[in-house]
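S.K.:
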Amino acid sequence: MATTTQPVRVRFAPSPTGYLHIGGARTALFNWLFAKRHNGTFILRIDDTDEQRSTESSMKQIYESLNWLGFNWDEGEKVGGPYGPYIQSERRSIYQEYIEKLIESGHAYYCYCNSDELAQMRQLAKDENRPFHYNRKCLHLTKKSQKLMVEQGRKPVIRFKVPDQTVSFDDLILGRISTESDTLQDEVIVKSNGSPLYNLTSIIDDHEMKISHVIRGADHLSNTPKQVLLAQALELDMPQFAHLPMVLGSSKGEKLSKRHGATSIEQYRNEGYLPQAMINFLVRLGWSLDDTTEIFSVSELTQNFDIGRVGKSGSVFDIKKLRWLNGHYINQLNLPERTSAVIPFLQPLCSIDSTELEVNRLEAIVSVIDDRLITLADIKEHAYHFFKDDFAYDPKGIKKWLSKDGSISLLQMLHDSMEKINTFDEKSVETAIWSIVDSLGIKKVEGLQPIRMAISGMTSGPSLFEMVILVGQSETLKRIKRLITYLSKGEN
Numbered sequence: 035m036a037t038t039t040q041p042v043r044v045r046f047a048p049s050p051t052g053y054l055h056i057g058g059a060r061t062a063l064f065n066w067l068f069a070k071r072h073n074g075t076f077i078l079r080i081d082d083t084d085e086q087r088s089t090e091s092s093m094k095q096i097y098e099s100l101n102w103l104g105f106n107w108d109e110g111e112k113v114g115g116p117y118g119p120y121i122q123s124e125r126r127s128i129y130q131e132y133i134e135k136l137i138e139s140g141h142a143y144y145c146y147c148n149s150d151e152l153a154q155m156r157q158l159a160k161d162e163n164r165p166f167h168y169n170r171k172c173l174h175l176t177k178k179s180q181k182l183m184v185e186q187g188r189k190p191v192i193r194f195k196v197p198d199q200t201v202s203f204d205d206l207i208l209g210r211i212s213t214e215s216d217t218l219q220d221e222v223i224v225k226s227n228g229s230p231l232y233n234l235t236s237i238i239d240d241h242e243m244k245i246s247h248v249i250r251g252a253d254h255l256s257n258t259p260k261q262v263l264l265a266q267a268l269e270l271d272m273p274q275f276a277h278l279p280m281v282l283g284s285s286k287g288e289k290l291s292k293r294h295g296a297t298s299i300e301q302y303r304n305e306g307y308l309p310q311a312m313i314n315f316l317v318r319l320g321w322s323l324d325d326t327t328e329i330f331s332v333s334e335l336t337q338n339f340d341i342g343r344v345g346k347s348g349s350v351f352d353i354k355k356l357r358w359l360n361g362h363y364i365n366q367l368n369l370p371e372r373t374s375a376v377i378p379f380l381q382p383l384c385s386i387d388s389t390e391l392e393v394n395r396l397e398a399i400v401s402v403i404d405d406r407l408i409t410l411a412d413i414k415e416h417a418y419h420f421f422k423d424d425f426a427y428d429p430k431g432i433k434k435w436l437s438k439d440g441s442i443s444l445l446q447m448l449h450d451s452m453e454k455i456n457t458f459d460e461k462s463v464e465t466a467i468w469s470i471v472d473s474l475g476i477k478k479v480e481g482l483q484p485i486r487m488a489i490s491g492m493t494s495g496p497s498l499f500e501m502v503i504l505v506g507q508s509e510t511l512k513r514i515k516r517l518i519t520y521l522s523k524g525e526n
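Just so we're aligned, residue 35 is where the sequence shown starts under the working numbering, counting upward by one.
#1: Output the residue ranges of the alpha helix (DSSP H) runs that lie fully inside the segment 471-513 and measure 4 residues or longer, sorted by chain position.
#2: Whole angstroms is fine: what's the gap from Pro496's alpha carbon to Ser284's?
#3: Indicate whether the contact test is met: 3 or more Cβ pairs, each with one atom in the segment 66-85 and one in the segment 97-113, closer than 8 Å.
#4: What residue does the alpha helix (DSSP H) around Leu173 start on, and which one ends it?
#5: Kindly indicate which three-state DSSP category Ala426 falls into: helix, strand or coil?
#6: Under 8 Å, do Ala466 and Ser451 count as touching if we go by C-beta distance?
#7: Return the CA-CA distance between Glu124 and Thr235, expressed in angstroms with no decimal places.
#8: Figure out for me which residue from Thr51, Gly57, Thr39 and Thr457 has the closest Cα to the Cα of Gly348.
#9: Here's the rule: buried if 16 or more other CB atoms are within 10 angstroms of the residue's CB, otherwise exposed. What is Thr213?
#10: Which same chain residues, not among the five before or five after Lys414, have their C-beta less than 8 Å away from its C-beta?
#11: Of all the beta strand (DSSP E) runs that stay within the bounds of the segment 196-271, which reach a length of 3 or more residues?
#12: Going by DSSP, which residues form a beta bridge with Ile56?
#13: Just mark Thr61 as buried or exposed, buried being the case when its beta carbon has 16 or more other beta carbons within 10 Å.
#14: Quick one: what does DSSP say Leu182 is sitting in, helix, strand or coil?
#15: Indicate the three-state DSSP secondary structure (helix, strand or coil) for Val42 in the structure shown.
#16: Taking its Cβ as the centre, do 16 or more other Cβ atoms sit within 10 Å of Asn101, making it buried, or is it exposed?
#17: Taking the alpha-carbon positions, what's the Thr258 to Tyr418 distance?
#18: Please check the pair Leu218 and Lys260, which I expect to be a contact at CB under 8 Å, by giving their CB distance rounded to whole angstroms.
#19: Have a look at Ile96, Ala267 and Tyr120 and flag the residue whose alpha-carbon is nearest the alpha-carbon of Val201.
#20: Assuming Val191 is part of the beta strand (DSSP E), what are its boundary residues?
#21: What residue does the beta strand (DSSP E) around Tyr144 start on, and which one ends it?
#22: Give me the Cα-Cα distance between His55 and Ile299, rounded to the nearest whole angstrom.
#23: Who are Glu109's beta bridge partners in DSSP?
#24: Going by DSSP, what residues sit across from Val350 in a beta bridge?
#25: Take Ile364 as the anchor and find which of Ile377, Met93, Asp405 and Glu185 has the nearest alpha-carbon.
#26: Would you decide whether Asp220 is buried or exposed? Buried here means 16 or more other CB atoms lie within 10 Å of its CB.
#27: For the alpha helix (DSSP H) that Asp150 lies in, which residues bound it at each end?
#28: Determine the direct distance from the alpha carbon of Leu263 to that of Phe194, and round the result to whole angstroms.
#29: Decide if the segment 427-434 is in contact with the segment 392-408; the criterion is three or more beta carbon pairs, one per stretch, under 8 Å apart.
#30: What I want to know is whether the C-beta of Asn304 ends up closer than 7 Å to one or more non-hydrogen atoms of the ligand SAH.
#31: Can you check DSSP and say which residues form a bridge with Ser298?
#32: Taking Ile223 as the reference, which of Asn163, Arg188 and Cys145 has the closest Cα?
#33: Below 8 Å between beta carbons: does that hold for Gln199 and Ser179?
#34: Check whether the Cβ atoms of His247 and Phe68 lie closer than 8 Å to each other.
#35: Residues bridged to Ala276 by DSSP?
#36: Rounded to the nearest angstrom, what separates Asp82 and Glu397 at their Cα positions?
Here it is as structure tokens:
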């Protein structure tokens, strides 16, 4: 297990430029579990340095998705804490002190080059078949030259002066990583409008908030050498880094995209996935306890999570596995829990009240459907006919069971027999159907399938007798008549 001697303080720092997706949710989970495992502090910080794309609606959605997953943060936006504010756009005055220190120490400088000049530099690099690095044209500008630039209306950016050295750090997952500084350029750390950029704000906030470990995706690996150099220039202690393997779209190493299922956590929630299934799925995207265990409760994860057991290789997003896990967790719910969980997905089909009679009926419907639910949203398909009678008939079922001469008369006999039942229960329905089956000398299935088609439009499903009772006598008779009318018109 990865060891630590200082209090564990980790942060999840999403950019509010869109919904919380799979990769971000996994990063949040690993930070949350690491904090729980080490009795540490899990912090939510909003990195909104991308001012043009950051939105309040995205921020709200991130909060809602984290709360739905159960990742309650100990400190940060919405809950407060000793190192706020926890939104970067509200921390400008804090950053300014560090920016001035970098300028005064010679580790950063004003750059007045305009877009045309930078384009010429890029074209020259392309013509010479080399990577573009800013040529430090403005590094040694005199005060007089800088004043002249300002008088010309040029607004400078601030660039970090990359020192000539090897940048090294130890990653808790990837091991020792070294980068030669000549592969880095003097990147912009403050825009011309005065807005500090990600690498600078991130390392300042990690220091100010006493972050002990930075656990994030491997897509941030290229930022780390730059942040290490900035921290060294500012004489700040560095947190320990752990870069999580990428989530891949396929075993071929394809980048995860929407066609692989890279939708937002909110969409998975709306599609009827359970948070416990999503957590179990996310943790297995890179972490394992052993070679066999697939199912973990949250308490088991908080007791056993070890950052040292996170793999180095990318993990493949497998929607089939997520669906399997979700079906497992739905089946673990008791009947009242499962019924409560599916109610939001039934609301478009019917108006559900909280009367005892209605709740009992809903529980009976959910019980009849049994283990057919893979997602909660599947209830709409499996329970539709319990609430609506405008379903289509399975054409294969019509052809197989209701295309013979006498089908209409059979349905009429079944209708008339059930209409005479005084106490409409399973036993009475069975007696009525078997009586007609025996009198006609047909197979049981030949008597059952027409009723099933009338009730649901399908040839398979839950117990027919339970379905009939749940639909009720009046509705059953009405639906048999509907099917008779359908067949009489020759619509099949």
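Heads up, the beta-carbon is just placed ideally off N, CA and C, and yes, glycines get one too. All of these numbers come straight from a predicted model, not from anything done at the bench.
M.R.: Well, looking at it:
#1: Within the segment 471-513, the complete alpha helix (DSSP H) runs of at least 4 residues are 478-490 and 498-505.
#2: Residue numbering aside, residue 496 sits at position 462 when the sequence shown is read from its first letter. Residue numbering aside, residue 284 sits at position 250 when the sequence shown is read from its first letter. Using only the alpha carbons, I get a separation of about 36 Å.
#3: Short answer: they touch.
#4: In the sequence shown, the residue the question calls residue 173 occupies position 139. No alpha helix (DSSP H) contains Leu173, which DSSP labels as neither H nor E.
#5: Counting from 1 along the sequence shown, the entry for residue 426 is found at position 392. Looking at Ala426 - three-state DSSP - the assignment turns out to be coil, as it is neither helix nor strand.
#6: Position 432 of the sequence shown, counted from the first residue, corresponds to residue 466. Position 417 of the sequence shown, counted from the first residue, corresponds to residue 451. A contact, by the Cβ cut-off of 8 Å.
#7: Looking up residue 124 in the sequence shown gives position 90. Looking up residue 235 in the sequence shown gives position 201. If I take the Cα positions, the gap works out to 11 Å.
#8: Locating residue 348 in the sequence shown gives position 314, where the first residue counts as 1. Out of Thr51, Gly57, Thr39 and Thr457, Gly57 has the C-alpha closest to the C-alpha of Gly348.
#9: Here the question's residue 213 lines up with position 179 in the sequence shown. Classification of Thr213: buried, given that the 10 Å Cβ count is 16 or more.
#10: As a first step, residue 414 must be located in the sequence shown, where it is residue number 380. Non-local C-beta neighbours of Lys414 in its own chain, meaning closer than 8 Å and more than five positions away in sequence, comprise Phe379, Leu380, Pro382 and Leu383, ordered along the chain.
#11: Within the segment 196-271, complete beta strand (DSSP E) segments of at least 3 residues are found at 200-205, 209-214, 222-224 and 247-251, given in chain order.
#12: For the purposes of this step, residue 56 is taken as residue 22 along the sequence shown, with counting starting at 1. Under the DSSP definition of a beta bridge, Ile56 lacks any partner.
#13: Walking along the sequence shown from the start, residue 61 turns up at place 27. Flag for Thr61 reads buried.
#14: Taking the first residue of the sequence shown as 1, we reach residue 182 at position 148. In the three-state reduction of the DSSP assignment, Leu182 falls in the helix class, which pools H, G and I.
#15: The residue labelled residue 42 in the question sits at position 8 within the sequence shown. DSSP places Val42 in coil when its eight states are reduced to three.
#16: Position 67 of the sequence shown holds residue 101. By the neighbour-count rule (16 or more Cβ atoms within 10 Å), Asn101 is not buried but exposed.
#17: Residue 258 sits at position 224 when you count from the first residue of the sequence shown. Residue 418 sits at position 384 when you count from the first residue of the sequence shown. Cα to Cα, Thr258 sits roughly 53 Å from Tyr418.
#18: As a position in the sequence shown, residue 218 is number 184, starting the count at 1. As a position in the sequence shown, residue 260 is number 226, starting the count at 1. Contact holds; Cβ gap of about 6 Å.
#19: Start at 1 with the first residue of the sequence shown, and residue 201 comes out as number 167. Nearest option by C-alpha distance: Ala267.
#20: Counted from its first residue, the sequence shown places residue 191 at position 157. That run of the beta strand (DSSP E) goes Val191 to Phe194.
#21: In the sequence shown, residue 144 corresponds to position 110, counting from 1. From DSSP, the beta strand (DSSP E) with Tyr144 extends over Ala142 to Cys145.
#22: As a first step, residue 55 must be located in the sequence shown, where it is residue number 21. As a first step, residue 299 must be located in the sequence shown, where it is residue number 265. The alpha-carbon atoms of His55 and Ile299 are separated by roughly 6 Å.
#23: Stepping through the sequence shown from its first residue, residue 109 is reached at position 75. Answer by DSSP bridge pairing, in chain order: Ile77.
#24: As a position in the sequence shown, residue 350 is number 316, starting the count at 1. Assignment of beta-bridge partners to Val350 by DSSP yields Leu282.
#25: One-based indexing of the sequence shown puts residue 364 at position 330. Closest by alpha carbon: Asp405.
#26: Here residue 220 refers to the residue found at position 186 when the sequence shown is read from its first residue. Buried: at least 16 other Cβ atoms inside 10 Å.
#27: As a working note, residue 150 is residue 116 in the sequence shown. Per DSSP, Asp150 belongs to the alpha helix (DSSP H) from Ser149 to Asp161.
#28: Taking the sequence shown and counting its residues from 1, the one referred to as residue 194 is at position 160. Taking the sequence shown and counting its residues from 1, the one referred to as residue 263 is at position 229. Rounded to the nearest angstrom, the two C-alpha atoms are 9 Å apart.
#29: Verdict: no, contact absent.
#30: The model on display carries no ligand, and the ligand SAH is accordingly not part of it.
#31: Here the question's residue 298 lines up with position 264 in the sequence shown. Ser298 is bridged to His55.
#32: Here residue 223 refers to the residue found at position 189 when the sequence shown is read from its first residue. For the options Asn163, Arg188 and Cys145, the alpha carbon positioned closest to that of Ile223 is the one of Cys145.
#33: Against the sequence shown, residue 199 aligns to sequence position 165. Against the sequence shown, residue 179 aligns to sequence position 145. Annotated as distal: Gln199 and Ser179, with beta-carbon spacing of 8 Å or more.
#34: Locating residue 247 in the sequence shown gives position 213, counting from the first residue. Locating residue 68 in the sequence shown gives position 34, counting from the first residue. For His247 and Phe68, yes; Cβs fall inside 8 Å.
#35: If you number the sequence shown from 1, residue 276 lands on position 242. Ala276 pairs with Ile249.
#36: For this step, residue 82 is matched to residue 48 along the sequence shown. For this step, residue 397 is matched to residue 363 along the sequence shown. Asp82 and Glu397: Cα-Cα distance of roughly 46 Å.
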